[in-house]
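S.K.: My structure is below; once you've seen it, I'll send some questions.
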Amino acid sequence: MAVPKKRTSKTKKNLRKNAWKRKIWNKVNKAFTLAKMIYKEETKQEN
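Going by our numbering, the first residue of the sequence shown is number 640, and it counts up by one from there.
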């Protein structure tokens, strides 16, 4: 017989969501930093 699952608490849900967001934010930040570095190198070579 089907039994409804227990509801996940808001705290647990928010912890998981924030962990996911933190991982994404770190990747975005690394990519942006790399893009800035490449841009600076290109502008330095032009001058």
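We put the beta carbon where it would ideally sit given N, CA and C, even for glycine.
1. CA-CA distance, lysine 649 and phenylalanine 671?
2. Helix, strand or coil for alanine 670? Go by DSSP, reduced to three states.
3. Using the C-alpha atoms, what's the distance from tryptophan 664 back to alanine 658?
4. Is arginine 646 helix, strand or coil by DSSP?
M.R.: The relevant details are as follows:
1. Residue 649 sits at position 10 when you count from the first residue of the sequence shown. Residue 671 sits at position 32 when you count from the first residue of the sequence shown. The straight-line gap from Cα to Cα measures roughly 32 angstroms.
2. Along the sequence shown, one-based indexing puts residue 670 at 31. Of the three classes helix, strand and coil, the one that applies to alanine 670 here is helix, per DSSP.
3. As a position in the sequence shown, residue 658 is number 19, starting the count at 1. As a position in the sequence shown, residue 664 is number 25, starting the count at 1. C-alpha separation (whole angstroms): 10 angstroms.
4. Stepping through the sequence shown from its first residue, residue 646 is reached at position 7. Looking at arginine 646 - three-state DSSP - the assignment turns out to be coil, as it is neither helix nor strand.
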